[in-house]
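Comments concern the structure below.
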Ligand SMILES: [Ca+2]
Ligand SMILES: [Ca+2]
């Protein structure tokens, strides 16, 4: 009996370990990983980036198991009439298609659709695949659905923050997890990064949290931040394109901190986004300026099951 229990427990642990995040729900043993279908179409550049920000890659049929898995995902979600972007592309050198993982197209078990490739207008550097596994070269500026793929690796551990991203740390004073991004991005790209990671741009819900964010910024010296604009970081505050109508990105009022909030005086005509300076003061910032930023997530936000 004990042997049966031991085997059952071991199996349970093995199955439980095959977890990534709630939006990559089904472990596929044939590809030893997870697929996520993105229904909202995007240009190739954004598709690649979103997969990367989710901790995955834009999927390519690098081998027969991946081809089979991709065909199943496309058939289940797109049907036979439309295609999805592949990670394989020739953006570095025209005609030299290879996957993001470096597998050349000639090594992939795929066939071209009739009359493809045609490199229409000499502007087709990305690939689209149909549910039967046939491919076509397409413009990278088309908007298409896409599939992200996460390979299971032995070092994948879900930490206290419910994520495999080791840069998220749990802060007991607020019950939230935070990640400081040293690679600077514009405010919209920062928003995208945090959302893709399963969280959101940091939202100040209390003076305590304002202090926590100030400390996180202080722990990352200007020299550690990748590029200029190192003295202000993006956080989850926005004016919704209305002068002086500053709220959090969830539409909540910003808690009055002890320090000043410099939100007055911005021009009427431009969109501004909220930031925190190194001294902890809050202020407006041009959304298009690349700055470091902080993402926040709750420990259960990536592992929570969703009820539909
Ligand atoms: Ca074509
Ligand atoms: Ca918060």
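Residue numbers (our numbering): 1 to 308. Glycine included, each C-beta is placed from N, C-alpha and C at the ideal position. As the structure is a prediction and not an experimental result, all values here were calculated from the model.
(Q) Using a Cβ distance threshold of 8 Å, determine whether the region 93 to 108 contacts the region 71 to 83, with at least three qualifying pairs required. (A) These segments do not touch.
Q. When you compare each of 255, 28, 174 to residue 296 by their alpha carbons, which one comes out closest?
A. The sequence position of residue 296 within the chain shown is 296, counting from 1. Per the C-alpha coordinates, the member of 255, 28, 174 positioned closest to residue 296 is 174.
Q: Measure the Cβ-Cβ separation of residue 238 and residue 249 and say whether it is below 8 Å.
A: Looking up residue 238 in the chain shown gives position 238. Looking up residue 249 in the chain shown gives position 249. Yes.
Q: Kindly identify the DSSP beta-bridge partner or partners of residue 28.
A: Locating residue 28 in the chain shown gives position 28, counting from the first residue. DSSP lists 33 as partners of residue 28.
**Q.** Proximity to residue 204 [Cα-Cα], best of 223, 231, 176, 182
**A.** Along the chain shown, one-based indexing puts residue 204 at 204. Residue 204 has its Cα closest to that of 176, out of 223, 231, 176, 182.
Q) Are the region 146 to 158 and the region 58 to 74 touching by the rule of at least three beta carbon pairs closer than 8 Å? A) yes
Q) Where does residue 310 land, buried or exposed, given buried means 16+ other C-beta within 10 angstroms? A) An answer regarding residue 310 cannot be provided, because it is not within the stretch 1 to 308 covered by the chain.
Q.
Only counting the same chain, and skipping five residues up and downstream in sequence, which positions put a Cβ closer than 7 Å to that of residue 225?
A. Position 225 of the chain shown, counted from the first residue, corresponds to residue 225. Around residue 225: 182, 184, 292.
(Q) Among the candidates 99, 231, 172, whose CA atom is the shortest distance from the CA of residue 61? (A) As a first step, residue 61 must be located in the chain shown, where it is residue number 61. For residue 61, the nearest C-alpha among the options comes from 99.
Q | Length of the line joining the Cα atoms of residue 141 and residue 190 | A | The count along the chain shown starts at 1 and reaches residue 141 at position 141. The count along the chain shown starts at 1 and reaches residue 190 at position 190. If you take the alpha carbons of residue 141 and residue 190, they lie about 22 Å apart.
(Q) So, at 6 Å on beta carbons, what are the nonlocal neighbours of residue 187 in its own chain, with the 5 sequence-adjacent residues on each side left out? (A) Along the chain shown, one-based indexing puts residue 187 at 187. Closer than 6 Å at the Cβ level, and outside the excluded window around residue 187, lie 234, 273, 287.
**Q.** Terminal residues of the alpha helix (DSSP H) in which residue 194 lies
**A.** The residue you call residue 194 lines up with position 194 of the chain shown. Counting along the chain, the alpha helix (DSSP H) containing residue 194 begins and ends at 187 to 196.
(Q) Rounded to whole angstroms, what is the Cα-Cα separation between residue 32 and residue 282? (A) Residue 32 sits at position 32 when you count from the first residue of the chain shown. Residue 282 sits at position 282 when you count from the first residue of the chain shown. Each residue's Cα considered, the two are about 45 Å apart.
Q | 6 Å Cβ shell around residue 232 - same chain, five flanking residues per side excluded | A | As a working mapping, residue 232 is identified with position 232 in the chain shown. Here the set comprises 275, 277, 285, 291.
Q: Go to residue 216, then tell me how far its alpha helix (DSSP H) extends in each direction, as first and last residue.
A: Start at 1 with the first residue of the chain shown, and residue 216 comes out as number 216. Unbroken alpha helix (DSSP H) run through residue 216: 207 to 218.
Q. Which partner residues of residue 104 appear in the DSSP bridge assignment?
A. For the purposes of this step, residue 104 is identified with residue 104 of the chain shown, where counting begins at 1. As computed with DSSP, residue 104 is found in a beta bridge with 98.
Q. Does the beta carbon of residue 301 fall short of 7 Å from some heavy atom of ligand 2?
A. Start at 1 with the first residue of the chain shown, and residue 301 comes out as number 301. No, the beta carbon of residue 301 sits no closer than 7 Å to any heavy atom of ligand 2.
Q. What residues come near ligand 2, if near means a beta carbon less than 6 Å from any of its heavy atoms?
A. 176, 203, 205, 209, 296
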